[in-house]
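Contents: one structure, followed by commentary.
Numbering (UniProt numbering), first residue to last: 1 to 560.
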């Protein structure tokens with residue numbers, strides 16, 4: 001069946017039922033351009049395969065549906081018809097029992113990798129942040145990313161050179177592109193601003209779905225990029241699958257932990273204070289849960305125990321035991337959040353264990369040693385940060401907008417630890433050993449990648465912060481440590497910040513001024529009471545009156 005039949009204009013024009021809320025000139029130009037695209041004759045010579053034709057027709061059908069009344073049945077029919085043709089070809093050129101052919105990667109596939117990395121690794125995460133802050137650049141940037149991703153997807157099916165057997169990267173690519181298409185369709189639907197009838201009832205749900213998919217896209221993209229690198233090299237097959245999964249999952253977990261610490265450090269202090277729990281509570285909870293998983297999954301039950309199995313299982317036991325302790329210590333006896341060092345100690349112990357992990361190759365031993373030392377350094381810097389930099393406080397400032405430079409060390413070392421561990425699989429180490437590459441050069445490359453990712457995350461958080469809190473860059477009066485503690489305590493007592501929105505620096509200053517005004521009122525009331533008491537008493541009781549008007553006595557009386 002030809003896809004044209006499914007998109008032959010059976011739906012009425014959207015302009016008859018809804019207002020696009022654009023100027024007539026812009027709307028006319030946009031609709032004419034999209035209609036011209038939708039009427040392209042797909043029997044063109046530049047389409048090298050039926051896969052290109054069907055993929056292009058999928059995009060054409062979606063565009064026509066944007067210009068017409070949405071019909072979920074039509075979209076579902078198009079996707080079901082086209083999806084079988086999107087499978088990657090060329091499997092017959094791969095030798096039997098091998099994952100890849102012997103040819104090198106050609107330029108077309110390199111361009112595919114670069115464009116996909118640019119779209120899903122840079123443009124879409126940046127567009128996600130701009131969408132969160134409701135920037136006018138969100139939609140144009142996402143459109144550019146979508147166009148680049150579609151072009152790169154076509155190139156991924158047109159490359160020559162190295163060919164691949166059936167793999168997870170090719171299979172998951174269709175799922176990722178489907179998610180992207182659904183996100184684009186939802187985005188265009190929301191831009192129509194339909195609010196009558198059923199559209200008004202489902203709009204809030206659609207907005208939530210759009211936000212969830214947008215925030216999940218960087219995670220899904222990260223997984224697909226890992227699949228791409230593994231597939232390109234032909235790694236993680238047969239007996240190597242288990243240790244490959246362990247390295248990439250744990251390495252990604254360390255990087256994710258570092259990203260979460262960066263978010264909490266730069267823009268998450270308001271949310272953390274509103275939650276009424278310390279950061280170590282959440283850290284310990286995740287550590288305990290992950291330890292339970294490791295305890296029962298690192299050994300194949302019924303088989304003989306190996307050194308690595310025993311070491312991984314005991315680390316899992318340490319994790320859930322320490323995690324439970326960290327959860328308990330995350331509150332004081334009054335139920336207030338309290339910092340503790342348990343998660344940092346767990347990171348340090350894990351690094352110590354991994355630094356002595358037995359390996360078959362010398363370069364693998366050295367890489368694991370550097371990984372262990374890096375992880376130990378992350379735990380040690382965390383201990384120093386909590387004990388000596390923060391002194392058991394949540395942050396140095398009320399809004400957390402000016403962290404100490406030392407606080408950046410722990411997240412970065414977790415980034416570096418993650419990349420070191422992901423880059424230390426058996427097949428990667430064998431490849432480096434055969435190529436004669438030293439561990440020093442390899443470690444420096446992995447650290448460079450960690451620096452770049454840390455920079456990108458900081459850029460995204462900076463963009464979010466300057467849009468969410470535009471007044472945070474203005475100079476505000478400094479507070480003493482006692483004033484900070486009083487303000488933080490008042491925040492906890494009053495239930496934190498409302499609606500989950502972080503207050504700007506100016507709002508925090510208004511709160512401070514209000515608290516200072518109330519404090520002055522209390523002091524003036526005490527002084528008036530003292531004067532009235534002095535006038536009513538006799539001269540003989542002046543000494544008693546002076547003692548009662550003393551600030552220390554007043555404080556004790558107030559506490560009582």
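Glycine is no exception: its CB is placed at the ideal position from the N, C-alpha and C atoms.
Just so we're clear, the structure is a prediction, and the values are computed from it rather than from any experiment.
Could you tell me the distance, in whole angstroms, from the CA atom of residue 162 to the CA atom of residue 246? One-based indexing of the chain shown puts residue 162 at position 162. One-based indexing of the chain shown puts residue 246 at position 246. Rounded to the nearest angstrom, the two C-alpha atoms are 27 Å apart.
Which same chain residues end up closer than 6 Å to residue 183 when comparing Cβ atoms and leaving out the 5 residues on each side of it in sequence? Position 183 of the chain shown holds residue 183. Result list for residue 183: 213, in chain order.
Counting C-beta neighbours from all protein chains within 10 Å, is the total for residue 297 16 or more, i.e. buried, or is it exposed? The count along the chain shown starts at 1 and reaches residue 297 at position 297. Exposed, since its Cβ has fewer than 16 Cβ neighbours within 10 Å.
When 225, 470 and 158 are compared against residue 172, the one with the closest alpha-carbon: Looking up residue 172 in the chain shown gives position 172. Here the closest residue by C-alpha is 225.
Would you check if the region 113–125 and the region 191–200 touch, i.e. whether three or more CB-CB distances between them fall below 8 Å? Verdict: no, contact absent.
In whole angstroms, what is the alpha-carbon distance linking residue 424 and residue 312? Working through the chain shown from its first residue, we reach residue 424 at position 424. Working through the chain shown from its first residue, we reach residue 312 at position 312. Cα to Cα, residue 424 sits roughly 16 Å from residue 312.
So which of 234, 269, 181 and 132 has the shortest CA-CA distance to residue 208? For the purposes of this step, residue 208 is taken as residue 208 along the chain shown, with counting starting at 1. Taking only the C-alpha atoms, the option nearest residue 208 is 132.
Just reading off the alpha helix (DSSP H) that residue 471 is part of, what are its end residues? By one-based count along the chain shown, residue 471 stands at place 471. Where residue 471 is concerned, there is no enclosing alpha helix (DSSP H), because DSSP gives it neither an H nor an E.
Can you look up residue 148 in the DSSP assignment and give me helix, strand or coil? The count along the chain shown starts at 1 and reaches residue 148 at position 148. Note: residue 148 maps to helix in three-state DSSP.
Count the other C-beta atoms from every protein chain shown that fall within 10 angstroms of the C-beta of residue 435, then say buried if there are 16 or more, exposed otherwise. Counting from one through the chain shown, the residue named residue 435 turns up at place 435. Under this definition residue 435 is an exposed residue.
Is it a yes or a no for the region 356–366 touching the region 393–412, going by three-plus beta-carbon pairs under 8 Å? Between the region 356–366 and the region 393–412, the count of Cβ pairs shorter than 8 Å is below three; the stretches do not touch.
As an exercise, report each continuous alpha helix (DSSP H) stretch of at least 4 residues that is fully enclosed by the region 222–298, in chain order. If we require 4 residues or more, the alpha helix (DSSP H) runs fully inside the region 222–298 come out as 241–266, 269–275 and 279–297.
Within 10 angstroms of its Cβ, does residue 200 collect 16 or more other Cβ (buried), or is it exposed? Here the question's residue 200 lines up with position 200 in the chain shown. When all chains shown are included, residue 200 counts as exposed.
Below 8 Å on the Cβ atoms is my contact criterion, and I expect residue 179 with residue 205 to pass it. Report the Cβ-Cβ distance as a whole number of Å. Taking the first residue of the chain shown as 1, we reach residue 179 at position 179. Taking the first residue of the chain shown as 1, we reach residue 205 at position 205. So it is not a contact: roughly 18 Å between Cβ atoms.
Buried or exposed: residue 385, going by 16 or more other Cβ atoms within 10 Å of its Cβ? The sequence position of residue 385 within the chain shown is 385, counting from 1. Buried.
Count the other C-beta atoms from every protein chain shown that fall within 10 angstroms of the C-beta of residue 305, then say buried if there are 16 or more, exposed otherwise. As a working mapping, residue 305 is identified with position 305 in the chain shown. It counts as exposed.
Alpha carbon to alpha carbon, how far is residue 300 from residue 309? Give it in angstroms, no decimals. Position 309 of the chain shown holds residue 309. Position 300 of the chain shown holds residue 300. Between residue 309 and residue 300, the C-alpha separation is close to 8 Å.
Taking the alpha-carbon positions, what's the residue 372 to residue 417 distance? One-based indexing of the chain shown puts residue 372 at position 372. One-based indexing of the chain shown puts residue 417 at position 417. Roughly 8 Å separates the two Cα atoms.
If we count the other Cβ atoms within 10 Å of its Cβ and call it buried at 16 or more, is residue 539 buried or exposed? Position 539 of the chain shown, counted from the start, is the residue given in the question as residue 539. Residue placement at residue 539 is poorly supported in this model, since its pLDDT is 46, which falls under 50; the coordinates are not used for a value here.
By a C-beta neighbour count over all protein chains shown, 10 Å radius and 16 as the cutoff for buried, is residue 216 buried or exposed? The sequence position of residue 216 within the chain shown is 216, counting from 1. Exposed, by the Cβ-count rule.
Just to confirm the assignment, what range does the alpha helix (DSSP H) spanning residue 434 have? Residue numbering aside, residue 434 sits at position 434 when the chain shown is read from its first letter. Residues 426–435.
Thinking C-beta only, is residue 187 closer than 8 Å to residue 243? Locating residue 243 in the chain shown gives position 243, counting from the first residue. Locating residue 187 in the chain shown gives position 187, counting from the first residue. No, the pair does not count as a contact, with Cβ atoms beyond the cut-off.
So, with DSSP's three-state summary, where would you put residue 371? Mapped onto the chain shown, residue 371 falls at position 371. The DSSP-derived three-state label of residue 371 is helix.
Given this structure, state the Cα-to-Cα distance separating residue 413 from residue 227, to the nearest angstrom. Indexing the chain shown from 1 puts residue 413 at position 413. Indexing the chain shown from 1 puts residue 227 at position 227. In a straight line, the C-alpha of residue 413 is about 24 Å away from that of residue 227.
Cβ pair residue 174, residue 231 closer than 8 Å: Your numbering for residue 174 matches position 174 in the chain shown. Your numbering for residue 231 matches position 231 in the chain shown. Judged by beta-carbon spacing, residue 231 lies beyond the 8 Å limit of residue 174, meaning their Cβ atoms are not closer than that value.
Could you tell me the boundaries of the alpha helix (DSSP H) in which residue 183 lies? To locate residue 183, count along the chain shown from 1; it is residue 183. 168–191 is the extent of the alpha helix (DSSP H) around residue 183.
Can you give the Cα-Cα distance for residue 353 and residue 144, rounded to whole angstroms? Locating residue 353 in the chain shown gives position 353, counting from the first residue. Locating residue 144 in the chain shown gives position 144, counting from the first residue. In this structure, the alpha-carbon of residue 353 lies about 46 Å from that of residue 144.
Taking residue 349 and residue 318 to be in contact with their CB atoms under 8 Å, please state how far apart those CB atoms are, rounded to whole angstroms. Within the chain shown, the letter at position 349 stands for residue 349. Within the chain shown, the letter at position 318 stands for residue 318. The C-beta separation of residue 349 from residue 318 comes to about 6 Å, placing the pair in contact by the 8 Å criterion.
Please return the same chain residues whose Cβ sits closer than 6 Å to the Cβ of residue 283, not counting the five positions on each side in sequence. One-based indexing of the chain shown puts residue 283 at position 283. So the qualifying residues of the chain are 343.
Taking the straight line between their C-alpha atoms, what separation do you get for residue 218 and residue 121? Locating residue 218 in the chain shown gives position 218, counting from the first residue. Locating residue 121 in the chain shown gives position 121, counting from the first residue. Going by the C-alpha atoms only, they are around 7 Å apart.
Helix, strand or coil at residue 337 according to DSSP, with G and I counted as helix: On the chain shown, position 337 is the one that residue 337 refers to. In the structure shown, residue 337 adopts extended strand secondary structure according to DSSP, grouped into three states.
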